[in-house]
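Participant: According to this note's numbering, the residues represented by the sequence shown are 11 to 85, in order.
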Amino acid sequence: MKGKLKSDCQNYIRVLARQSSGKALICGTHAFSPKCREYVYSSVDGTLKNTRQFDGQGISPYDPRDNSTVVYLPD
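1. Out of Tyr49, Phe64 and Gln63, which has the shortest C-alpha to C-alpha gap to Leu57?
2. Please work out which residues of its chain come closer than 6 Å, Cβ to Cβ, to Tyr22, disregarding the five sequence neighbours upstream and downstream, and give them in chain order.
3. Any idea which residues DSSP pairs Ser52 with across the strands?
4. Where does Lys33 fall in DSSP's three states?
5. Got a sec, what are the start and stop residues for the beta strand (DSSP E) Val25 sits in?
This is the structure:
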């Protein structure tokens, strides 16, 4: 991104929330274009499987230096 440091344009994880049904919500800065992914835990092989990806605007900060607080309220 023009005018930004290369190190700022990495993906910094800023939100990690446990959801119901063994799911996890993980959001990052994604080079000043926040993205979120939802994962579900697989007890068969002990891994997290990506179930969906979506725009993280309004959930995750754009800037990795921004200090923010997330309050997650399940559905």
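Built from N, CA and C at the ideal position, the CB exists for glycine as well.
Facilitator: Walking through what the data contain:
1. Residue 57 sits at position 47 when you count from the first residue of the sequence shown. The amino acid occupying residue 57 in the given sequence is Thr; Leu does not appear at that position. If we check each option's Cα against that of Thr57, Tyr49 comes out closest.
2. Locating residue 22 in the sequence shown gives position 12, where the first residue counts as 1. Same-chain partners within the cutoff: Gly38, Thr39 and Pro74.
3. Taking the first residue of the sequence shown as 1, we reach residue 52 at position 42. For Ser52, which the question treats as bridged, DSSP gives the partners Thr57.
4. Looking up residue 33 in the sequence shown gives position 23. Correct three-state label for Lys33: strand.
5. What you label residue 25 is simply residue 15 of the sequence shown in a count that begins at 1. Ile23 to Arg28 is the span of the beta strand (DSSP E), which, as asked, contains Val25.
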